[in-house]
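Worksheet for the structure shown next.
Protein chains: 2
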Amino acid sequence: MATMQDVARHAGVSLSTVSYALSGARPIGKETRARVMAAIEELGFERNAAARSLAARRSHVLALVLPTVAGGLSGTLGEFAQSASQTARDAGYHLVIWPFDREEHGEVRDLVRQGLADGVLVMEVSLHDERIDALLASQVPFTMIGRTAELDGRSWVDIDFERTLTDAVDHLADLGHTTVAFVNHSQHSLDTGYGPTVRARDAFLAAAAARGIRATDVTSDESPLAGRLATSAILDERPDTTAFVTMNETATFGVTQALRDRRLRVPDDVSVLAVVTSPEVGAMYNPPLTTMRAPGHELGRRSVEELLAALEGTTYREAPRLVTCVLSPGASTGPAPRR
Amino acid sequence: MATMQDVARHAGVSLSTVSYALSGARPIGKETRARVMAAIEELGFERNAAARSLAARRSHVLALVLPTVAGGLSGTLGEFAQSASQTARDAGYHLVIWPFDREEHGEVRDLVRQGLADGVLVMEVSLHDERIDALLASQVPFTMIGRTAELDGRSWVDIDFERTLTDAVDHLADLGHTTVAFVNHSQHSLDTGYGPTVRARDAFLAAAAARGIRATDVTSDESPLAGRLATSAILDERPDTTAFVTMNETATFGVTQALRDRRLRVPDDVSVLAVVTSPEVGAMYNPPLTTMRAPGHELGRRSVEELLAALEGTTYREAPRLVTCVLSPGASTGPAPRR
DNA sequence: CTGTTAGCGCGTTCAT
DNA sequence: ATGAACGCGCTAACAG
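Residue numbers (the numbering used here), protein chains in the order written: chain A, 873 to 1211; chain B, 873 to 1211.
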């Protein structure tokens, strides 16, 4: 591979001129710049990333870390990654996805301490997250997708669960439903203080109270079977339930199975509204689910903006940290049945 | 951050001793090594990745590139990534996922030319893949997950579609089915020569012929609606069809919908066997699908082994490049119905 | 077994 | 507007 020195010789200029022509950090004559660019083209020159990082003390890499890509990527991760990647690129950075188990706090922190990345985007943040503690202790720049309980001095963006669940309840209340159930993430996630689980439950209950609706909330493991059992239990206890809000992509498959088991038609007998998911996932059902779409793109863009602001100290344009899920009409919600 | 020079001073040894103690590239006295390690611990030293890459001319990074993480839900990617990541780590490398659109051939190649990565794992390879051409032209080390038509001098691992589809057909034939349909990936993927689509179709038809089975094969876009229409068309044309093999995770949701529309019970009236997917996805159906599990873990491990062999020139232990999907019993296949 | 030293390729400060 | 030169922190070749 050609080096910058090669380019300089080839163009008949000094090494630093090439460097400046590339970075734009100081003005270069039109004529000179053209010669430099021609030489670069001709030699197929590419700046060496290691040398760049070493001299500039920054890697221009942003690491998106998330616990085992396995679980549910659901397409939302894809949207997020694409948008984050694009935003990073526009700013001269690379966005890479770095698989880590939740326990590997040290490794995540060391990514930056070793100079492999300049900053970290952390997904699946819980209210008390050891990874965040490790990052803070080492003064590693980061942005959370989600929120710890403590927010002071921390950069974050998140889904507006309060607003989303309120909108969900309103949607159903407006359709005349008066007894509504909520199928949430797992009990474990609630116990360990996973933000979305906690916030969504609280918001659901508050919104139901505000609209004078009878509310049941249950947790469910991330499996169709668990969702089915949970739904069955709800129907046993509250046979007058006419609508379900679900925030558990995998369990929702079990919810509709349970309804079908009982010969309950969707949406004639029971409405189903799946929140924090996507219409694409909703389309896997028959009838297609009405959903409230997770704002993957928006979160991707905003989180990178936040991180870059922290990194470059500057260029900070105030923007909302909370992003709402919007209703995407399907065919699984309808008026409450006459009783 | 402390540098290696700091560590050396602190331990009262030379810089190179620290370097060698860390790399193990030459023997170090037990006593000396202990002092070095203590100093490292004490100073919280971490080797600077950029300096390491620059001096050693290798980044110790392997890039897994795949077109927009969006597409597949499957969890197979997750399994793959986890296994690949672990294998890489054991060899002193980092495995990172680098999102790229399929059109960005140059960018993928430049990853290595800029020294951001030492080699590339390419997913979703088609029979004639421009990304591979670009990598070859620049002599960038790579391993394909999947196969181009031409294989000479290329490193690859892949699912054994021939074997998988043969096993699928045998499973159904053994259950007495004599008219079987195959729901494949999209027509577009077939037209553009996507390996899995082409190989699976050919293998399905060959296996059916071998067992004297009437076979129908159709393509379907990756959506439940498309799967539903495709299934409906098959049933119109071949009402005697008693079993479906599907290799299209999203469309399979539509397949079962179409069967339900026609009051066909699974597996009593019609069997469904979903191949190259996972039991977890199969569990989203009622009854749970019998599947042939995509060997994500195995592919992840093997692909990194292949790439490392190419990279380090040595340590090559011969191992199979083709990995088979194994049957995971569910409740969606059963004996062919009496007619 | 340990020490000394020459780069790796580029960003950046200082001159001019 | 351009050039010269120093150093980022480390690996590896050479010397002992």
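Note that the Cβ used here is the ideal one computed from N, Cα and C, for glycine as well.
If you're wondering where the values come from, they're calculated on a predicted model, not measured in any experiment.
Alpha helix (DSSP H) segments (min. 4 residues) lying fully within the stretch 981–1054 of chain B: 1002–1009, 1033–1046
Closer than 7 angstroms at the beta carbon, the chain B residues around A:Phe1125: Met1156
Status (buried if at least 16 other CB within 10 Å, exposed otherwise) for A:Glu914: By the neighbour-count definition (other C-beta atoms within 10 Å, threshold 16), A:Glu914 is an exposed residue.
Beta-carbon proximity check, B:Val992 vs B:Leu1007, cutoff 8 angstroms: yes
Completely contained beta strand (DSSP E) runs for the stretch 1074–1115 of chain A, where each covers 3 or more residues: 1086–1091
Neighbour list for B:Val1142 in chain A, Cβ cutoff strictly below 7 angstroms: What B:Val1142 touches in chain A: nothing, since even the nearest Cβ is about 16 angstroms away.
Option nearest A:Gly1018 by Cα separation, candidates A:Arg1003, A:Leu1037, A:Val994: A:Val994
B:Val819 burial status per 10 Å Cβ neighbour count (16 or more: buried): Here chain B comprises residues numbered 873 to 1211, so residue 819 of chain B is not present and cannot be evaluated.
Touch test, the stretch 1026–1042 of chain B against the stretch 1104–1111 of chain B, Cβ-Cβ under 8 angstroms, three pairs minimum: no
B:Val1144 beta carbon less than 8 angstroms from that of B:Thr1118: yes
Alpha carbon of A:Ala1191 to alpha carbon of A:Ser931, nearest angstrom: 26 angstroms
Spatially closest choice to A:Gly1206 from A:Ala1105, A:Asp1046, A:Leu1183, A:Thr1069, by CA coordinates: A:Asp1046
N- and C-terminal bounds of the beta strand (DSSP E) containing B:His840: Outside the shown range of chain B (873 to 1211) lies residue 840 of chain B, about which nothing can therefore be said.
Chain B contact for A:Ile912 (CB, 8 angstroms cutoff): no
A:Ser886, buried or exposed, once every other Cβ within 10 Å from all chains shown has been counted against 16: exposed
Burial state of A:Leu1214, where buried means 16 or more other Cβ atoms lie within 10 Å: There is simply no residue 1214 of chain A to check, as chain A begins at 873 and stops at 1211 in what is shown.
N-terminal and C-terminal residue of the alpha helix (DSSP H) that B:Val1176 is part of: Counting along the chain, B:Val1176 sits inside the alpha helix (DSSP H) bounded by residues 1168–1184.
B:Pro899 burial status per 10 Å Cβ neighbour count (16 or more: buried): Classification of B:Pro899: exposed, given that the 10 Å Cβ count is below 16.
Short CB-CB distance (under 8 angstroms) between B:Asn1120 and chain A: With a threshold of 8 angstroms between beta carbons, B:Asn1120 makes no contact with chain A.
Proximal residues to A:Thr889 (C-beta, below 6 angstroms), its chain only, five neighbours per side dropped: none
Sheet register partners of B:Arg948 (DSSP bridge): Position check: residue 948 of chain B holds Thr in this sequence, whereas Arg was assumed. According to DSSP, which records beta bridges pairwise, B:Thr948 is partnered with nothing at all.
Span of the beta strand (DSSP E), counted from its first residue to its last, around B:Ala1146: 1143–1149
Distance, B:Ala1075 Cα to B:Arg1035 Cα: If I take the Cα positions, the gap works out to 8 angstroms.
Nearest residue (CA-CA) to A:Arg1173, options A:Asn1158, A:Met1156, A:Pro1159, A:Leu1194: A:Leu1194
contact_flag[the stretch 1132–1144 of chain B, the stretch 1078–1087 of chain A] where n(CB pairs < 8 angstroms) is 3 or more: no
Any 3 or more C-beta pairs closer than 8 angstroms across the stretch 1120–1130 of chain B and the stretch 1179–1186 of chain B: no
Residues within the stretch 898–929 of chain A neighbouring chain B, beta-carbon criterion of under 7 angstroms: Glu918, Arg919, Asn920, Ala921, Ala922, Ala923, Ser925, Leu926
Touch test, the stretch 999–1016 of chain B against the stretch 1037–1056 of chain B, Cβ-Cβ under 8 angstroms, three pairs minimum: At 8 angstroms Cβ cutoff, the stretches do not touch.
From A:Ala1115, A:Ile1085, A:Ala1053, residue whose alpha carbon lies closest to that of A:Thr1091: Closest by alpha carbon: A:Ala1053.
B:Gln1059 versus B:Ala1098 - alpha carbon distance: 11 angstroms
Per-residue DSSP class, three states only, for B:Pro1207: coil
Cβ-based neighbour list, B:Ser957, same chain, cut-off 7 angstroms, excluding 5 preceding and 5 following: Leu967
Neighbourhood of B:Thr1103 by C-beta distance below 6 angstroms, restricted to the same chain and skipping five residues each side: Only Val1127, Ala1130 meet the Cβ criterion.
Those residues which DSSP pairs with B:Arg1135 across a bridge: None, per the DSSP bridge assignment.
Of the residues A:Thr1163, A:Thr1069, A:Met909, the one placed nearest A:Ser1200, counting alpha carbons only: A:Thr1163
Nearest candidate by alpha-carbon position, reference B:Ser1095, set A:His1000, A:Val1176, A:Ala883, A:Pro1160: Ranked by how close their Cα comes to the Cα of B:Ser1095, the residues A:His1000, A:Val1176, A:Ala883, A:Pro1160 have A:Pro1160 in first place.
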